[in-house]
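Colleague:
Right, dumping it as C-alpha cells:
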C-alpha cells in the first residue's frame, strides 16, 4: 500500500511539473482561419453571426454607393439590426451625398467619413473577424479569423479615418 501511495505521489509530482509546459501548448493552439465564400446564401449567415457576437465597435472601409442596389438593400437591413443591437460603427465611404450615404448619415450608432481613394472591395472588421467583400460578377467574401490580422487592418483603418472628411 505504501509503495502504491509513493507511485501515485510521484505521478502527481510529474504532472504538476509538466503543467506549465502543457499550458504553453494550449496558448499556441489558436490557429488563424481563412475562408472564401460566394453568394448571398453563404455570406449572409456569416456576417449576421459575426454581428450578433460582436463585442465592440465595427469598422468598415471602402464603402461605396455605386454597386448593385440589392447589395445596398442587404447592408441597410444588416445595419438596422446592428443599431437595434446598439453596436457602434465607423464607416469610410469613397463617395458622398448619395441616397445610400444619406441613409448611413442619419443612422444611429454610426459615424461616417469620406476618403477620396476608390476601393474595389469593402473591408469590414468585427472583433477578430475581417471580411473582404467584392461586389463584382458574384458577391464574394474572404473571411479571415485572426486577431493579429484584425489588429493590422484596424490600425490601417484608423490611419485612413484620421484623414477622412466628415
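In the numbering used here, the protein residues as written are 210 to 375. Using N, Cα and C, we set each Cβ at its ideal position, and we do this for glycine too.
1. Leaving aside the five residues before and after residue 245 along the sequence, list all residues of the same chain whose C-beta is less than 7 Å from its C-beta, in chain order.
2. Count the other CB atoms, across all protein chains shown, that sit within 10 Å of the CB of residue 288; report buried if there are 16 or more and exposed otherwise.
3. Starting from residue 330, follow the beta strand (DSSP E) in both directions and report where the run begins and ends.
4. Is there contact here, the stretch 341 to 351 with the stretch 316 to 331, by at least three beta-carbon pairs under 8 Å?
5. Who are the near neighbours of residue 433 in its chain, counting only those whose CB is closer than 6 Å to its CB and skipping five residues on each side?
6. Report buried or exposed for residue 364, applying the criterion of at least 16 other Cβ atoms within 10 angstroms of its Cβ.
7. Shortest alpha-carbon distance to residue 297 belongs to which of 279, 318, 280 and 307?
8. If you draw a straight line from the alpha carbon of residue 338 to that of residue 272, how long is it in whole angstroms?
9. Helix or strand or just coil, what does DSSP make of residue 260?
10. Determine the contact status of residue 275 and residue 293, defining contact as a CB-CB distance below 8 Å.
Modeller: In brief:
1. On the chain shown, residue 245 is found 36 positions in, with the first residue counted as 1. So the qualifying residues of the chain are 351.
2. For the purposes of this step, residue 288 is taken as residue 79 along the chain shown, with counting starting at 1. Buried, because 16 or more other Cβ atoms sit within 10 Å of the Cβ of residue 288.
3. Position 121 of the chain shown, counted from the first residue, corresponds to residue 330. First-last of the beta strand (DSSP E) with residue 330: 330 to 335.
4. yes
5. Because the chain is modelled from 210 through 375, residue 433 falls outside the range shown and cannot be assessed.
6. On the chain shown, residue 364 is found 155 positions in, with the first residue counted as 1. Looking at its Cβ environment, which holds fewer than 16 other Cβ atoms inside 10 Å, residue 364 is exposed.
7. Taking the chain shown and counting its residues from 1, one reaches residue 297 at position 88. Nearest C-alpha to residue 297: 318.
8. Within the chain shown, the letter at position 129 stands for residue 338. Within the chain shown, the letter at position 63 stands for residue 272. Distance between the alpha carbons of residue 338 and residue 272 is about 17 Å.
9. Within the chain shown, the letter at position 51 stands for residue 260. Residue state, collapsed to three classes: helix.
10. Along the chain shown, one-based indexing puts residue 275 at 66. Along the chain shown, one-based indexing puts residue 293 at 84. No; because the gap between Cβ atoms is not below 8 Å, this pair is not in contact.
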